[in-house]
Structure formats: C-alpha cells, structure tokens
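Asks:
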Amino acid sequence: METLAKLQVLSGAARYDASCASSGCRREGNPYSTGNTSQSGICHSWSDDGRCISLLKILLSNDCIYDCAYCVNRSSNPVERASFEAREVVDLTMEFYRRNYIEGLFLSSAVMKSPDQTMERMISVVETLRTEERFRGYIHLKIIPGSSPELVRKAGLHADRISVNIELPSHESLKRLAPQKEKFSILEPMSLIGKEITESLVERRASRKAPKFAPAGQSTQMIVGASPESDFQILRLSEGLYRKMNLKRVYYSAFVPVNHDNRLPVLAAPPLLREHRLYQADWLLRFYGFTATEILSDDMPNLDESFDPKTAWALRHPDFYPVEINRADYATLLRVPGIGVTSARRIIAARRFSVITPEGLRKIGVVMKRAKYFITCSGRPFEQMERSPLLLRNRLLLGDGGEVTPAAPPKQLVLPGLFA
Amino acid sequence: MGRYLYDGTSEGLLSAVAHILAGEKDVERVTLVERENTLFEEGVYLATDTAAAEEFFSRLQNLASEAVYTFYYFTMAEKGGLETSMLRYLALALQHGSKVNGYLTHPSVKEIVTVSRKAGRELHRMKGLLRFEKLQDGAYLARMEPDNNIIHPLSLHFSKRLRAEDWFIYDVRRRTAARWHRGSLTLGLIEQFTAPALSEEEKAVQALWKTFFGTIAIPERRNPRLQKSNMPMKYWKYLTEKQG
Chain Z
1 METLAKLQVL SGAARYDASC ASSGCRREGN PYSTGNTSQS GICHSWSDDG RCISLLKILL
61 SNDCIYDCAY CVNRSSNPVE RASFEAREVV DLTMEFYRRN YIEGLFLSSA VMKSPDQTME
121 RMISVVETLR TEERFRGYIH LKIIPGSSPE LVRKAGLHAD RISVNIELPS HESLKRLAPQ
181 KEKFSILEPM SLIGKEITES LVERRASRKA PKFAPAGQST QMIVGASPES DFQILRLSEG
241 LYRKMNLKRV YYSAFVPVNH DNRLPVLAAP PLLREHRLYQ ADWLLRFYGF TATEILSDDM
301 PNLDESFDPK TAWALRHPDF YPVEINRADY ATLLRVPGIG VTSARRIIAA RRFSVITPEG
361 LRKIGVVMKR AKYFITCSGR PFEQMERSPL LLRNRLLLGD GGEVTPAAPP KQLVLPGLFA
Chain H
1001 MGRYLYDGTS EGLLSAVAHI LAGEKDVERV TLVERENTLF EEGVYLATDT AAAEEFFSRL
1061 QNLASEAVYT FYYFTMAEKG GLETSMLRYL ALALQHGSKV NGYLTHPSVK EIVTVSRKAG
1121 RELHRMKGLL RFEKLQDGAY LARMEPDNNI IHPLSLHFSK RLRAEDWFIY DVRRRTAARW
1181 HRGSLTLGLI EQFTAPALSE EEKAVQALWK TFFGTIAIPE RRNPRLQKSN MPMKYWKYLT
1241 EKQG
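These protein sequences, in sequence, are chains Z and H.
Just so you know, the numbering used here puts 402 at position 402 of the first sequence, and the rest follows in order with no gaps.
With the second sequence counted from 1, adding 1000 to any position gets you the numbering used here.
1) Could you tell me whether any Cβ in chain H is nearer than 8 Å to the Cβ of Z/Val414?
2) Kindly indicate which residue of Z/Ser40, Z/Tyr70 and Z/Val90 has the alpha-carbon position closest to the one of Z/Lys175.
3) Starting from the beta carbon of H/Trp1180, find every residue of chain Z whose beta carbon is closer than 8 Å, and list them in chain order.
4) Could you check whether the stretch 308 to 320 of chain Z touches the stretch 333 to 343 of chain Z, counting it as contact only if at least three pairs of C-beta atoms, one from each stretch, sit closer than 8 Å?
5) So, helix, strand or coil for H/Leu1141, using DSSP?
6) Could you name the residues of chain H that Z/Ile364 contacts, counting a contact when the two beta carbons are closer than 8 Å?
7) With Z/Phe106 and Z/Leu60 assumed to form a contact (beta carbons below 8 Å), what rounded beta-carbon distance in angstroms separates them?
8) For H/His1181, name the three-state secondary structure that DSSP assigns.
9) Looking at the structure shown, is Z/Thr376 part of a helix, part of a strand, or coil, going by DSSP?
10) Distance check for Z/Val224 and Z/Leu168, CA to CA, integer angstroms please.
11) H/Glu1241: buried (16+ other C-beta within 10 angstroms of its C-beta) or exposed?
12) Please decide whether Z/His140 counts as near chain H, where near means a Cβ-Cβ distance under 8 Å.
13) Tell me, please, which residues DSSP counts as bridged to Z/Asp282.
14) What are the boundary residues of the alpha helix (DSSP H) that includes Z/Glu95?
15) Output yes or no for whether 8 Å exceeds the beta carbon distance between H/Lys1104 and Z/Ile364.
16) Contact defined as beta carbons within less than 8 Å: I believe H/Leu1162 pairs with Z/Thr34. What is the distance between those atoms, to the nearest angstrom?
17) Rounded C-beta distance between H/Met1144 and Z/Ser45? I'm assuming under 8 Å.
18) What does the alpha-carbon distance come out to for the pair Z/Phe382 and Z/Thr357?
19) Output the distance between the C-alpha atoms of Z/Pro309 and Z/Pro257, rounded to the nearest integer angstrom.
20) Which stretch, first to last residue, makes up the alpha helix (DSSP H) that contains H/Trp966?
21) Taking a contact to mean a Cβ-Cβ separation below 8 Å, would you say H/Asn1101 touches H/Ala1119 in this structure?
22) Compare the Cα-Cα distances from H/Ile1190 to each of H/Ala1204, H/Arg1175 and H/Arg1182 and report the closest residue.
23) Is the separation between the beta-carbon of Z/Tyr66 and that of Z/Gln221 shorter than 8 Å?
24) What residues from chain Z crowd round H/Gly1008, counting only those whose CB sits closer than 7 Å?
25) Name the DSSP beta bridge partners of Z/His140, please?
26) Which residues bound the beta strand (DSSP E) around Z/Gln221?
27) Kindly provide the ranges of any alpha helix (DSSP H) runs that are 4 or more residues long and lie completely inside the stretch 310 to 368 of chain Z, ordered along the chain.
28) Cα separation between H/Thr1070 and H/Arg1117?
29) Anything in chain Z within Cβ reach of H/Pro1153, meaning under 9 Å, just list it in chain order.
30) Against chain H, with Cβ distances strictly below 8 Å, would Z/Asp17 count as a contact?
31) Select from the stretch 41 to 69 of chain Z all residues with a C-beta closer than 9 Å to any C-beta belonging to chain H, and list them in chain order.
32) Kindly indicate if chain Z contains any beta-carbon less than 8 Å away from that of H/Gly1244.
33) Cα separation between Z/Tyr251 and Z/Leu296?
34) Around the Cβ of H/Ala1207, are there at least 16 other Cβ atoms within 10 angstroms (buried) or fewer (exposed)?
35) Shortest alpha-carbon distance to Z/Asp261 belongs to which of Z/Ile348, Z/Ala269 and Z/Ala226?
36) Using 8 Å as the limit for Cβ to Cβ distance, is Z/Arg236 near chain H?
Take a look at the structure:
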C-alpha cells in the first residue's frame, strides 16, 4: 500500500483522539537539529469540524487484536487495515514539519500483536526521530495499556507528553464495552508516569543535566455518552485524576457511534452539548477553585443544559452575591458569571490605579450581559431588580426583554433496552 | 495646550515623545500627530533626533520593559492617528513601570494595549498558519499577506525553528522579504517578485497534507462556522490545505 493510502486509513482512524495540545514545554533548537517547542503551543490549522490541528495525529497501525465495542478499529469491524513502517512516519513528520504544517507528532496505535510489541514499535519511530533526524519538535506518545514499565519509562524520555486513555468513566463500563482492557492495566501506567514525572522534577532541581521525563505532562481521554455514568461520576473521576495522578488534562470525547452493537446506546447525534458542559466544569475544577461536589451532587447528578456550570452554581447560591468589584479578592471574583481568569486578573491589576466604574469594567472585557446580575460597583448594583432565582434564570436565558417562560426540559439520552 | 507634529516614523515618534515629556507638565492636554505637509498646518514640528529616541528607548527598557514590547507590537500594526494616545501611554509607563498595561480603565492605555495585543495575536497565528513550499534548489518559500507588519519577529521565530534549512518569507502586500541562508537572517525589499519553480516532490507532499487535513475531521461533528472563526478566511489564500 502506498503512503498516501495508508495516511488516509490511519489518520481517519486517529481522529477520535481528542488531544492536540502542543503546549506546556519549551525546548530550544540547536544548529544541527530541526525544530523547537513553544510554551504556549501553536495551532497550525483547523479542520472542517472546527477542531485545531497542531500535531500530525496518526495511528502506527489500525490492525487491532482487541474488540472494544465503541472503537472503529475493533477486530470484528470490516474496515481496511494498514500499518506504517517506522520510516514512513518519520519522513511524514519531517516533511510536514519543514513546511510548517505541524508542531510535531501525536502517535497512537491499535494493539497489533501484544501491548509490548506495539509499544516497542511506536518507541522506535520516536527514537529515530529524536536521534537520527535530530527532531526537537513536539511529540505526544500514546501508551498502550498493559505495556511494561520499562517501555513506559523509555516513552517518557523521548516524548513531551504521554497519555493513557482511561476510555470509559467506570470499571463496569470498561468491562462491558472493552472486555480485553483491564482497569489496572490503564491505571498502573498512569500512576507510574505520575511518579516518574515527579521524580524527574526533583532530580532536575538537583542537576540541570538530569533527563526530562514527559516535560509537558500526562493526559487522558474518556468517551462520554457511550455508557450510563452521570456527569457527577465523571467529574469526580477527573477531580481524582487531577489531584492524585497529577494529570495535565482530561479530555472528554462525545460518543460518535461508529459501530452497530447492542451494548451501545443509539443516539440521534453525538452529545456535543454535554461534552461542552463537561469541559466547562473541568475548567472550573482546574482554574476556578471549584470542587466536583460544588458543581454537582447525588441529587443533581447531571450538568444543566441551559446554563454553564458556573452560572448554574450562582443561581443556586444567591447569598454569595452581589460581589463588590472594587473589593472582592481573586477567588471571589472568579465565582462571578461573566468574569473569567483573564478579567479577574485585569480587575485586580486595574484596581491599583483607580476605582473601577461600570464603564471601566466593560473596557476590561467583562461579559456584562451575565455579570451585571451578580455584582456591585462601589456599592451600586447594576440592575435594580428583585433577585428572585426564577426571574434571574429567565433574564439570563432570554435577555432583558424576554418573556417569562418555563425552561425547556433537558434532552434525555436515548438508551437501548439494556439500560432501561 | 500644545500641538506637536512629527515625521511619522517610529523613531520620530519616540524622539517627539521624549521632547514633549521633557517640556510639558500635563500630557493629557497635549496632542501629537503625524505631519501632513499642508501649507497652513498648525503645531510645532519636532524633527527626529536619533540620539534622543535611543536614549528614551533605553530609559523605557529600564523602567517599563513591558511597555517596550507593547510599543514594538504597536508599531507593527502601522496604525496612524494614535500618537497622542501613545504619548499618554508612555508617560504613564515611565510613572508606573511595567504595571502600566494593567491600567486598562485608562482610555489611552486601553487603546494602545488593544492595538498592540491584536498585532501580537496575528504574529502568534502566523507562526502556525505560514506555509512553506520547497523550491527546486532545495530552499523553502512562504508567502503571506498579514494585516500587521510582522515579518521581522516571525522570521526570528523560524530562524530558531528551521535552522538547518534555507528559506524565504515574503510579505506580498508590503513587498518585504526575510531570507535565512546558511544560518544568517537578512531582511529587505523585493521590487519584482517572480514565483520560482517548485521542487519535484513538492506536489506529492502537499497531496499528503491535504489528505490528512481531509480525513482528520470527524464528519459527524462538521462545523464550518467554528473553523472560520478560528481560522479566518483572509488567511486561506496561502494555505496549502485550502487550495483546490
């Protein structure tokens, strides 16, 4: 098979991996090598689904011995199979990089003969890139669950970021939909990676020559909507991953049905809004000082479809507001709908110079459409109104001129008989 | 109430600002505009004093290094009519240091920081969207038409990244070019540009990239609006993946 045909098969098979980050590590180039990495990451293009393209995202092979229900590459699917030679991936990466198409390589693979055999082949691609081609651009390497600790360590020494996909939000779902993948074969490498990253940071503090281990950190991904877990379960899982395993990112991927399987739900469309709300909640966990139990609870296990999770929290906690813009601290400002990390920082910076007026708030870039219901400026509220939660809900949904109508009931997921 | 004129260059702007700040007490009552050379133009013309501009620049570097970046990006925007705001911004920078960019509630600071941030954003964007093509002699060529005059910092970025290659970046609208040849960077004007012949394998590599670009999108998630908002159509002209 020609490289072009292989690329078609193996990039098509890789597109369900959500991560495309190229940020989080800065490596200078040198006169004899090609490439460097940028701390902020660089997006090089945006595909027709609007997602950014930063890395050459491909599988080494889609020829899989596993038969996971949700996966397009599962062994029982009659799809065209292809595998790259190491040289082909290396040449593609270098040719694309020199033309500034990409920031680097994101290499994943189906499990060919065994996890170790697959992992070894993936590492040899990356080794060739780093040593023969002296490539110093970004590399994200997927870890195949069940590969040996030595290979995981080797991967972390060559790659900027490594990731193990957690695939599904619970042990039960994993057992049902991916029977050949064991929970421990996923979690074990994750905690090993977490440990290695921490150790390498300690060693590098002692000596700058100590090798870097996955300097851009570890991430993971799970499919949302293929199994019955609630958003609350998912967020608690993510919270645990961030806190205990020190992950940089958890990616959520709206379930796109690619197979017919009676273990899978039948959906009219991928649950994109749910994925979006989960990302918003994820941001609240990482940058806004929220905990999972503040965002959701057992009584309210799923995110509101009509409001972003911060606005939803604000509506449930009317006592917290109004927040005084000219006095509130950073953590309090962050709880105001319409004020994000950037505006909160700007508010604090601008307060050093003068009292902030409503006009000033607009200049700073606060989204007044949402914020105005929750703040005062030098003691003066923006909206002279009764702050009844129902009225507030409707104003936020419909704007100031809106009629008071009950919110539409949230859309239910359509699940097949198995879950009913 | 002073009204001053300068010659429209960034050096002239800096030397004019230095002169005004040395003499005027209240910059909020001063205006500074580019000279238009009309017969009855009102205002005091301040001739460019290179030494004064340099001295002011190094003073700024010491007192407010952030403001130096802001000024640099501001000049890339090539936006006229904001000299008075720049004057007031720089006066505040000398007074408050690098923190000045946080004074967004001040109209002049807001204006200058916004323009400069926009140029910085386009620079970052072009670091991703620039496309090189391999030429017959083995060198690479990239063409672009950015809104801001970013060729200098952009070529510095690639001089660190693609050090082993020889390449050109050509700003089609401004007719300026950056050339990286055997490890050294030169910038210049190109009077007459003729597109050189591409190398033989170039079309094949471009076909690979177009294939990748097409298959990496998830059909069920098609979202052209999001694509255009992230990657405005004005940049598509030179994007390999968006050609026929």
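Glycine included, every Cβ here is placed at the ideal spot set by N, Cα and C.
Replies: According to the structure data:
1) Because the pLDDT at Z/Val414 is just 44, under 50, the model does not fix this residue reliably, and the value given afterwards should be weighed accordingly. Taking 8 Å as the CB threshold, Z/Val414 stays off the interface with chain H.
2) Each of Z/Ser40, Z/Tyr70 and Z/Val90 was checked against the Cα of Z/Lys175, and the nearest Cα belongs to Z/Tyr70.
3) By Cβ distance, chain Z contributes nothing, its closest Cβ being about 12 Å from H/Trp1180, past 8 Å.
4) Touching, yes.
5) Residue state, collapsed to three classes: strand.
6) By Cβ distance, chain H contributes Leu1104 and Thr1105.
7) Rounded, the Cβ-Cβ distance is 11 Å, inconsistent with contact.
8) Strand at H/His1181.
9) Strand, per DSSP.
10) Cα to Cα, Z/Leu168 sits roughly 7 Å from Z/Val224.
11) Note on H/Glu1241: 16 or more other CB atoms within 10 angstroms of its CB, so buried under the neighbour-count rule.
12) So, not an interface residue.
13) In the DSSP assignment, Z/Asp282 is bridged to no other residue.
14) Where Z/Glu95 is concerned, the enclosing alpha helix (DSSP H) stretches over Ala86 to Arg98.
15) Before going on, a small fix: residue 1104 of chain H reads as Leu here, not Lys. Result yes, Cβ atoms of H/Leu1104 and Z/Ile364 sit closer than 8 Å.
16) Sure, about 7 Å apart at Cβ, within 8 Å.
17) So it is not a contact: roughly 15 Å between Cβ atoms.
18) Their backbone Cα atoms lie some 11 Å apart in a straight line.
19) If I take the Cα positions, the gap works out to 27 Å.
20) Nothing about residue 966 of chain H can be reported from this structure: the residues present for chain H run from 1001 to 1244 only.
21) H/Ala1119 sits away from H/Asn1101, with the two beta carbons spaced by 8 Å or more.
22) Of H/Ala1204, H/Arg1175 and H/Arg1182, the residue nearest in Cα terms is H/Arg1175.
23) No. Outside cutoff.
24) Per Cβ cutoff of 7 Å: no residues; H/Gly1008 is ~28 Å from chain Z at best.
25) In DSSP, Z/His140 forms a bridge with Z/Phe106 and Z/Arg161.
26) Its beta strand (DSSP E) spans residues Gln218 to Val224.
27) Within the stretch 310 to 368 of chain Z, the complete alpha helix (DSSP H) runs of at least 4 residues fall at 330 to 333, 341 to 351 and 358 to 364.
28) Straight-line Cα distance between these residues: approximately 8 Å.
29) Simply none; closest approach about 13 Å.
30) Contact of Z/Asp17 with chain H is not assigned, every C-beta pair being separated by 8 Å or more.
31) With the criterion set as a beta carbon lying under 9 Å from some beta carbon of chain H, the members of the stretch 41 to 69 of chain Z are Ile42, Cys43, His44, Ser45, Trp46, Ser47, Asp48, Asp49, Gly50, Arg51, Cys52, Ile53, Ser54, Leu56, Lys57 and Ile58, in sequence order.
32) Residue contact check for H/Gly1244 against chain Z: no CB pair falls below 8 Å.
33) Each residue's alpha carbon lies about 19 Å from the other.
34) Classification for H/Ala1207: exposed.
35) Checking every option, the nearest Cα to that of Z/Asp261 belongs to Z/Ala226.
36) Closer than 8 Å: no.
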